[in-house]
Amino acid sequence: MRLIKEKTSIDFLSPVRRRIALSFSALFVIASLVSLFTRGLEVGIDFTGGILLEIAYEQPANLEVIRGDLAAAGFEDAQVQLFGRDTDVLVRLPPQENEGNAEVREQLQATLEAGGDRIDLRRVETVSAQVGSELAEKGALAMVVALLMIFVYVMIRFQWKFSAGAVAALAHDAIVTVGFFSIFGLPFDLTVVAAVLAVIGYSLNDTVVAFDRIRENFLNLRGVSAEDAMNKSINEMLARTLITGITTLLVLIALLTLGGESIAPFSIALIVGIIVGTYSSIYTASATALALDISPQDLIEPIKDPSLIDDLP
Amino acid sequence: MNRFPAWLNLLVIAVVAAGCLFALPNIYGSIEAVQLANNDGAEYEASDVERFVAVVEEAGVEPEAAYLQDGRVVIRFDDSVDQDKASDQLRDTFGRSVSVASTLAPKLPDWIRALGLNPMSLGLDLRGGVYVLLEVDMDSALATRMNGYQQDFEDRLREARVRHRVDLDGRTITVRLTSAEDAATAREIIELADPDVVVLNGQDDRSLLVRMSEAQIQERQDFAIEQNLTTLRNRVNQLGVAEPLVQRQGVDRIVVQLPGVQDPNQLDKILTATATLEFRLVDLSGDEPGSRRYPGRGEEESQVLKRKVIASGDQIIDARVGQDQGQPIVSITLDSAGGESMLETTMNNLKKPMSTVFIETEREEIERNGATEYRIIKTEEIVNTATIQGVFKNRFQISGLSAFEAQDLALLLRAGALAAPVFKIDERTIGPSLGQDNIDRGFNAIKIGFLAVIVFMAIYYRAFGLIANLALLSNLVFIVAMLSVLGASLTLPGIAGIVLTVGMAVDANVLIFERIREELSAGASPQTAINSGYEKALSSITDANITTLIAAVVLFALGTGPIKGFAITLLLGIITSMFTAIVGTRAVVNLIFGGRKLKSLPV
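Taken in order, these protein sequences are the chains called A and B.
Quick note on the numbering used here: the first sequence kicks off at 1 and runs consecutively.
Quick note on the numbering used here: the second sequence kicks off at 314 and runs consecutively.
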């Protein structure tokens, strides 16, 4: 079975299409950055510190009543929302300055139980602000270190113009994925950081596979322009890119629909990232390398012939 | 063409067999059990198992199996009724000396246990429990030590009749003297008292600045952490939790994990408990006013002790295990006040016995008339009794102990002098219902995702798709096997990592199969197409996987909690998928299609 024709020759990298792709990418990246700087992220208590309670009621929960009860007990800043099911409720509080988190947690628990409903306390998390900022720092550090090491590896295996292309594509994917979370106000927690890093890994996988074929074609097809050689390579890899994307998306959709609420942000980040990553390994990576004037000569070892030097006056 | 040498085929078979064997412990499920730990910190031996089984049988319960695991005795039962009966009987028989925890144990057959194989352990988010990250207050740990130095220096200078003033400011002690000559004498005295401290000249030639050396600070910090770890371990054991984890993290942190515990307040109780020590003389006549009998801890004999406390735990600066003429000893350092008192006592009581008493206070919650009240529970036990062999002051040794007793006493002494307070900085409690939900949902997602990919691959690549599916299945087995062998816990993000791996693992095969199709359409014969398909795809596969591997390694190294759980399965998945795609599927392809004339390939 085949999803696409045996031989495609789509002109992915024609100047017009590249310009359209560039405008799209620019639009996405700018929209993401603007949203990140103005709206910010809906960061979870992993990064801010605070208290989180997940409660299962036997009956569908009445959020208004819960909010009222909590406000009456002095927790006006409590965020109350449904979590996956209409019987499951998530309560979040910012870190408490005056009292210890433990005391506040006990009070919260008492307040909720006083409502008279039978509740099952499914999860209680109390993170201090200090640990929160540490986790955020470590997450950011992991991202930067990963990008740097990847840049170096691609430079060693290929050439710096490919490296620049790969890292441009990865940064593009990371920004757009995180931006998606900002624009749609989705909860951003530690698992999303892991997902973004996995997206980087996946998208890179795609990019490197394309580069590998480009290198092969650069060396085999003499006298063909860089643009044509790259176009041919992308077309040759198109089936593989789509098939791997499809199988990965299949499992991720299973994870999103069946995996439960707490893993949902992770699945969404990966789904968005893989769609964006597939697009970026076709366009962003190759277009960046082309913009840097990549040519087959970049991959051929320079001739070091001492006799030539001797002839110089 | 396309034949593997015999050794390579054997290798593939061996790896698959090993994978199946290591993954095998995971299919047996679990069964009710009790886990017994020695509260004195010693590990049980195989001979102890019989002893406990005998007690259980007295209650009329027939254990399903009983064995030793990591110094703990595990007894399995057919149902929870037996489990309850047995644990009641064990608690009644052994009291505080044995920690009895009801738990679920893997129902492994004997031969698998004999091979030392275990199923993968589940993280707290899957089994429920309490996770706490504690920070030890290092400043106050150092402050206690600096106070000790300040007093010690004052005493020594007074003894040497040097006029002085000693002030403490944070981590620096300033010693002011009346002349430069005195300053030189004081420097000698201080350096003699502790050769390791750093003595600097002060603002003028009549003052000195004393600081702890970097090595000393380091040592003190380690000491404070060790103390807290020991105390917490002892107390956590008494909670009766199966497989508790108390572990140092970084410079000043301690992780505590209590699987199965649902009430974080239980841990608060442990943290607010305090422990201290007292040295008292044994009342040999037994009828002095104020004397009373103290019970012994474990095997230690009970004694009647005098009322007067010679020295107490807050006066202990250090306690460590050493050797004297090949015999294990515990060296104790007291502060100067404790030293004076010890000097006076030992001078007047040579050759008489002295006991060390361990005192623990816990806060217990009780419900009374609908209100919660707190009751203080104080436990006092003799941990050691020794004869005073000579006159001593602030440094002395306790001998006549076995190596293990010495270790234990030193730990208790240190635990008693709990110098540094701890603070909770991160606490997570997962209820059992959420844990079970997470397991169910996670495995459901794996099942459905896996099925979807398998069906897709079979339709898209036909026979070759089936071979890829075989690789995918063995991939799952390998990941489970490696998680089990490494003893890494499976968490919800870990399950997500497996799901993602299932999706990505086919990539290598897709690369190969697409390449084979390309070669075929370029006019290559089926055998050549297989060969060059595998060969030419190899560099893409390695490059692509190594870059993903880099991302996974960084995640694992820098990540915490959920990120680490995800990284470990991703990491394992990349490694196993490379093996199955490059070597595994090739072996099967060679076996089926290799070495014969083919007109076409079902790819």
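All C-beta atoms, glycine included, are put in the ideal place defined by N, C-alpha and C.
*Between which two residues does the beta strand (DSSP E) containing Leu252 (chain A) stretch?*
That residue, Leu252 (chain A), is in no beta strand (DSSP E); its alpha helix (DSSP H) goes Ala226 to Leu258.
*9 angstroms Cβ cut-off: residues of chain A touching Ile780 (chain B)*: Residues of chain A passing the Cβ test: none, with the nearest at roughly 15 angstroms.
*Name the one or two DSSP bridge partners that His172 (chain A) has.*
Per DSSP, none; premise fails for His172 (chain A).
_So that I know if they touch, is there some Cβ in chain A lying closer than 7 angstroms to that of Ala487 (chain B)?_
Note on residue identity: the sequence assigns Thr, not Ala, to residue 487 (chain B). For Thr487 (chain B), the answer is no, since every Cβ of chain A falls outside 7 angstroms of its Cβ.
*Helix, strand or coil: how does DSSP classify Thr893 (chain B) here?*
Thr893 (chain B): helix per DSSP, three-state reduction.
*Per DSSP, what kind of secondary structure is Val564 (chain B) in: helix, strand or coil?*
The answer is coil: DSSP assigns Val564 (chain B) none of H, G, I, E or B.
*Keeping to the same chain, check which residues put their C-beta closer than 6 angstroms to that of Ala427 (chain B); ignore five residues upstream and five downstream.*
For Ala427 (chain B), where only same-chain residues beyond five positions count, there are no Cβ hits under 6 angstroms.
*List the endpoints of the continuous beta strand (DSSP E) containing Gly94 (chain A).*
Reading the sequence as shown, one finds Pro at residue 94 (chain A) and not Gly. Counting along the chain, no beta strand (DSSP E) covers Pro94 (chain A), and no H or E run does either.
*asked:* Please determine whether the Cβ atom of Ser797 (chain B) lies at a distance below 6 angstroms from any heavy atom of the ligand FMN.
replied: Judged by which ligands are present, the structure shown has none, so any question about the ligand FMN falls away.
*Name the chain B residues that come within less than 8 angstroms of Asn205 (chain A), Cβ to Cβ?*
Per Cβ cutoff of 8 angstroms: Met817, Asp820, Ala857, Asn858, Thr860 and Thr861.
*Check Asn339 (chain B) in the structure and name its three-state DSSP category.*
DSSP, read as helix, strand or coil, puts Asn339 (chain B) in helix.
*asked:* Rounded to the nearest angstrom, what separates Leu63 (chain A) and Phe188 (chain A) at their Cα positions?
replied: Rounded to whole angstroms, Leu63 (chain A) to Phe188 (chain A) spans 23 angstroms at the Cα level.
*For the stretch 449 to 525 of chain B, which segments carrying the alpha helix (DSSP H) assignment without a break, of at least 4 residues, lie completely within its bounds, in sequence order?*
List check, alpha helix (DSSP H) in window: 451 to 472 and 493 to 506.
_Residues of the stretch 120 to 141 of chain A with Cβ closer than 7 angstroms to any Cβ of chain B, in chain order_ = Within the stretch 120 to 141 of chain A, the residues whose Cβ lies closer than 7 angstroms to some Cβ of chain B are Asp120, Leu121, Arg122, Arg123, Val124, Glu125, Thr126, Val127, Ser128, Gln130, Val131, Leu135, Lys138 and Leu141, listed in chain order.
*Which residue's Cα is closest to the Cα of Ser598 (chain B): B:Phe592, B:Arg606 and B:Thr698?*
Answer by Cα proximity: B:Arg606.
*Where Asn697 (chain B) falls: helix, strand or coil (DSSP)*: Three-state result, Asn697 (chain B): strand.
*Compare the C-beta of Glu740 (chain B) with all C-beta atoms of chain A and state if any pair is closer than 7 angstroms.*
Interface flag for Glu740 (chain B) against chain A is set, since a Cβ pair is found closer than 7 angstroms.
*The beta strand (DSSP E) enclosing Leu292 (chain A), as first and last residue numbers*: For Leu292 (chain A), there is no enclosing beta strand (DSSP E), as DSSP marks it with neither H nor E.
*So what's Arg606 (chain B) in DSSP terms, helix, strand or just coil?*
Strand.
*asked:* Are the CB atoms of Pro432 (chain B) and Ser913 (chain B) within a distance shorter than 7 angstroms?
replied: With respect to Pro432 (chain B), Ser913 (chain B) sits apart: the two C-beta atoms are not nearer than 7 angstroms.
*What span of residues does the alpha helix (DSSP H) with Lys7 (chain A) cover, start to end?*
The continuous stretches of alpha helix (DSSP H) do not include Lys7 (chain A), and DSSP gives it neither H nor E.
_Using DSSP's beta-bridge definition, name the partner residues of Ala379 (chain B)._
By DSSP's assignment, Ala379 (chain B) forms a beta bridge with B:Ile388.
*Relative to the alpha-carbon of Ala174 (chain A), which residue among A:Leu299, A:Arg2, A:Ser280 and A:Ala226 has its alpha-carbon at the smallest distance?*
Of A:Leu299, A:Arg2, A:Ser280 and A:Ala226, the residue nearest in Cα terms is A:Ser280.
_Only counting the same chain, and skipping five residues up and downstream in sequence, which positions put a Cβ closer than 6 angstroms to that of Leu323 (chain B)?_
Excluding residues within five positions, none has a Cβ falling inside 6 angstroms.
*In chain A, which residues lie less than 7 angstroms from Arg754 (chain B) when you measure between Cβ atoms?*
Those are Leu258, Gly259 and Gly260, listed as they occur along chain A.
*At a CB-CB cut-off below 9 angstroms, which residues of chain B make contact with Gly201 (chain A)?*
Below the 9 angstroms Cβ cutoff, chain B contributes Met817, Thr860, Thr861, Leu862, Ile863, Ala864, Ala865, Leu868, Leu883 and Ile887 as neighbours of Gly201 (chain A), in chain order.
*asked:* So, with DSSP's three-state summary, where would you put Val916 (chain B)?
replied: If DSSP states are grouped into helix, strand and coil, Val916 (chain B) belongs with coil.
*Hey, how far is the Cα of Ala900 (chain B) from the Cα of Ile253 (chain A)?*
Distance between the alpha carbons of Ala900 (chain B) and Ile253 (chain A) is about 32 angstroms.
*Assign Arg909 (chain B) to buried or exposed, taking buried as 16 or more other Cβ atoms, counted over all protein chains shown, within 10 Å of its Cβ.*
Classification for Arg909 (chain B): exposed.
_Burial state of Gln636 (chain B) (16 or more Cβ within 10 Å)_ = Gln636 (chain B) comes out exposed.
*What span of residues does the alpha helix (DSSP H) with Ser625 (chain B) cover, start to end?*
Looking at the DSSP string, Ser625 (chain B) is not in any alpha helix (DSSP H); the run it does join, the beta strand (DSSP E), is Gln616 to Ser625.
_Within 9 angstroms of chain A by C-beta, residues of the stretch 829 to 843 of chain B in sequence order_ = Within the stretch 829 to 843 of chain B, the qualifying residues are Arg830, Glu831 and Ser834.
_Contacts that Phe181 (chain A) makes with chain B (C-beta to C-beta distance below 8 angstroms)_ = Chain-ordered listing is empty here: chain B has no CB closer than 8 angstroms to the CB of Phe181 (chain A), the nearest sitting near 16 angstroms.
*How about Leu428 (chain B): is its C-beta nearer than 7 angstroms to some C-beta of chain A?*
The beta carbon of Leu428 (chain B) does not come within 7 angstroms of any beta carbon belonging to chain A, so the residue lies off that interface.
_Taking CB distances under 7 angstroms as the criterion, tell me whether Asp86 (chain A) reaches chain B._
The C-beta of Asp86 (chain A) comes no closer than 7 angstroms to any C-beta of chain B.
*Start-to-end residues for the alpha helix (DSSP H) that takes in Glu740 (chain B)*: No alpha helix (DSSP H) holds Glu740 (chain B); the beta strand (DSSP E) holding it covers Val735 to Ile743.
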